[in-house]
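According to this note's numbering, the sequence shown is numbered sequentially starting from 429.
Note that CB positions come from ideal geometry on N, CA and C, so glycine has one too.
Below: one structure, written as structure tokens.
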Amino acid sequence: MNYLFDLHTHTLASGHAYGSFTDNIAAARKRGLWGLGVSEHSSSMPGAPQPIFFTNFKVIPDIIDGLHVFTGMELNIIDYDGRVDMEERILQKVDYIIASLHKDCIQSGSVEENTSALIEAMKNPYVKILGHPDDDRFPVDYERLVEAASHEHIAMEINNSSASPRNGRTGAEKNIPVLLKYCQQYQVPVIAGSDAHIWLDVGDLQRSDAFLKDACFPESLVLNATKEGLLYVLNDTPRRKRLAASLSE
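What follows is the structure in structure tokens.
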């Protein structure tokens with residue numbers, strides 16, 4: 429499958445990634461991507477940038493060196509009621525939001541608690557992507573999760589990094605196929621994301637692609653497969669309006 433964009437990437441600004449924004453842009457162009465998203469961690473992650481970092485995204489051009497650039501954030505879910513660690517006034521200023529569970533920001537609970545945390549976070553109107561819901565450290569009820577995503581119009585991320593032996597998450601090899609089974613059953617779209625924390629990994633979606641191929645997952649439900657797929661996950665910002673207008677020309 430040809431993946432046109434990668435929205436889950438990090439730079440030095442996240443506090444535990446390696447490489448600059450310009451490094452990631454160069455890597456994305458080398459991979460032949462059409463689009464790149466920058467999604468730094470929000471405030472409760474140790475080392476994460478201050479809110480002012482996200483409010484100044486307005487200085488970033490839509491296109492840099494021929495690459496379409498989108499500005500996002502990886503929100504941290506901080507309790508089992510699905511609360512997140514950033515104010516609405518900041519969320520309004522970014523193009524897209526990934527919401528995730530991280531060990532540095534919340535302790536894992538029971539299957540019921542973890543599932544409820546994700547489902548309640550998906551009800552936030554700015555959240556459009558659920559990040560790496562594949563980690564045995566946060567066990568969840570996948571059918572309940574995906575069914576809820578179908579009602580909230582949320583995309584499930586197929587995280588390329590989760591299955592890497594260098595990653596701290598566990599269980600992706602068995603959990604992602606289950607996730608994909610229910611996504612196909614409930615017709616929930618997915619988005620492949622590199623979760624790159626170094627420029628070398630930007631646009632590397634080989635593991636994600638292998639999971640999708642093994643599941644015979646329909647390309648029509650893979651958002652990265654078309655430029656129009658971006659419209660599913662972009663918030664109602666001026667950037668989304670400009671993109672929608674350009675794609676309709």
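Asked, Found
"Beta-carbon gap between ASP434 and GLY631 smaller than 8 angstroms", "yes"
"Complete runs of the beta strand (DSSP E) confined to the stretch 500-571 [at least 3 residues]", "524-528"
"Outcome for LYS556 when other beta-carbon atoms lying within 10 angstroms are tallied against a minimum of 16", "buried"
"Buried versus exposed, by CB contacts within 10 Å (16 or more), HIS444", "exposed"
"GLU585 beta carbon less than 8 angstroms from that of HIS436", "yes"
"Under the three-state DSSP convention, the category ASP623 falls into", "coil"
"Rounded Cβ spacing between VAL574 and TYR524 (contact assumed at less than 8 angstroms)", "With 8 angstroms as the limit, VAL574 and TYR524 do not qualify as a contact, their Cβ atoms being about 20 angstroms apart."
"Among ALA591, VAL616, GLU502 and GLY465, the one whose alpha carbon lies nearest that of LEU495", "GLY465"
"Backbone CA spacing between SER674 and PHE645 [nearest angstrom]", "29 angstroms"
"Span of the alpha helix (DSSP H), counted from its first residue to its last, around ALA600", "600-614"
"Whole-angstrom distance between PHE498 and PRO474, CA atom to CA atom", "24 angstroms"
"Contact between the stretch 595-604 and the stretch 556-571 (3+ Cβ pairs under 8 angstroms)", "yes"
"Whole alpha helix (DSSP H) elements within the stretch 439-493, 4-residue minimum", "449-459 and 479-483"
"Pairwise C-alpha distance: SER538 and VAL568", "8 angstroms"
"Rounded separation between SER448 and SER676 - CA only", "33 angstroms"
"For THR437, the residue or residues it bridges with in DSSP", "ALA624"
"Range covered by the alpha helix (DSSP H) that runs through ALA673", "666-676"
"8 angstroms Cβ cutoff met for TYR508 and SER544", "yes"
"PHE639 - DSSP class collapsed to helix/strand/coil", "helix"
"As assigned by DSSP and simplified to three states, the class of VAL630", "coil"
"C-beta atoms of ASP513 and LEU529 nearer than 8 angstroms", "no"
"Pick from ALA455, ASN484, ARG511 and GLN520 that is closest to ARG385, judged by C-alpha positions", "With the chain represented from 429 up to 677, any question about residue 385 goes unanswered, as that position is not in the structure."
"Rounded Cβ spacing between ILE492 and ILE534 (contact assumed at less than 8 angstroms)", "Contact flag wrong, Cβ pair sits at about 34 angstroms."
"Beta-carbon separation (whole angstroms), LEU608 vs ALA620, contact threshold 8 angstroms", "Not really, about 11 angstroms apart at Cβ, beyond 8 angstroms."
"CA-to-CA distance, ALA591 to ASN603, given in whole angstroms", "10 angstroms"
"Inter-residue spacing [alpha-carbon to alpha-carbon] between GLU540 and LYS458", "43 angstroms"
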